[in-house]
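Enquirer: Below you'll find the structure I mean.
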Amino acid sequence: MVFVTKYRHKVFTDAHLKRTEEIMRDVCEDFECELIELNGENSHVHLLVNFPPKVALSKLVNSLKGISSRRLRQEYPELVRRYWRAQRLWSGSYFAGSVGGAPLSIVKQYIEQQNRPV
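Residue numbers (the numbering used here): 28 to 145.
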């Protein structure tokens, strides 16, 4: 999955991405999913998530984006004033692709190689 920040603003530092990963791992656990890898750049994140067929992708995405947006805005109020309009962190859209046939190691390597901000 790929989530992009609202208006493609350059929001994230390494510290923000670390906290985002912690939050999203907790959400995945609540859905009985496994967050295999998360990395990103200053305006988006890539997630590799293993989830069972009983989990609706739209509900998982809604929770991942909603909870992470709310918690990050609470924990980093300086970012709210500078970057986030309309009290939203994420763009309304997302990308989700299936990698059932591709080796997970290749997808994981691609995510790990994102140009993570300092």
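Cβ coordinates follow ideal geometry from the N, Cα and C atoms, glycine included.
On the DSSP letters alone, give me the boundaries of the alpha helix (DSSP H) that T47 sits inside.
Expert: D41 to D57
Enquirer: Identify the continuous alpha helix (DSSP H) that holds V134 and give its terminal residues.
Expert: L131 to E139
Enquirer: Rounding to the nearest angstrom, what Cα-Cα distance links E105 and L99 in this structure?
Expert: 10 Å
Enquirer: Is L87 closer than 9 Å to K135 when the C-beta atoms are compared?
Expert: no
Enquirer: Find out if the Cβ-Cβ distance for the pair F30, Y121 is shorter than 9 Å.
Expert: yes
Enquirer: Alpha carbon to alpha carbon, how far is P130 from H71? Give it in angstroms, no decimals.
Expert: 23 Å
Enquirer: Is it buried or exposed for V126, if we count other Cβ within 10 angstroms and need 16 for buried?
Expert: exposed
Enquirer: Taking only beta-carbon positions, decide if L84 is within less than 9 Å of chain D.
Expert: As a matter of chain content, chain D is missing from the structure shown, which is built from one protein chain.
Enquirer: Find out if the Cβ-Cβ distance for the pair F39, E68 is shorter than 9 Å.
Expert: Yes. Within cutoff.
Enquirer: Do N66 and L91 have their C-beta atoms within less than 9 Å of each other?
Expert: no
Enquirer: Going by CA-CA distance only, name the one from H73, G119 and L116 that's closest to N142.
Expert: H73
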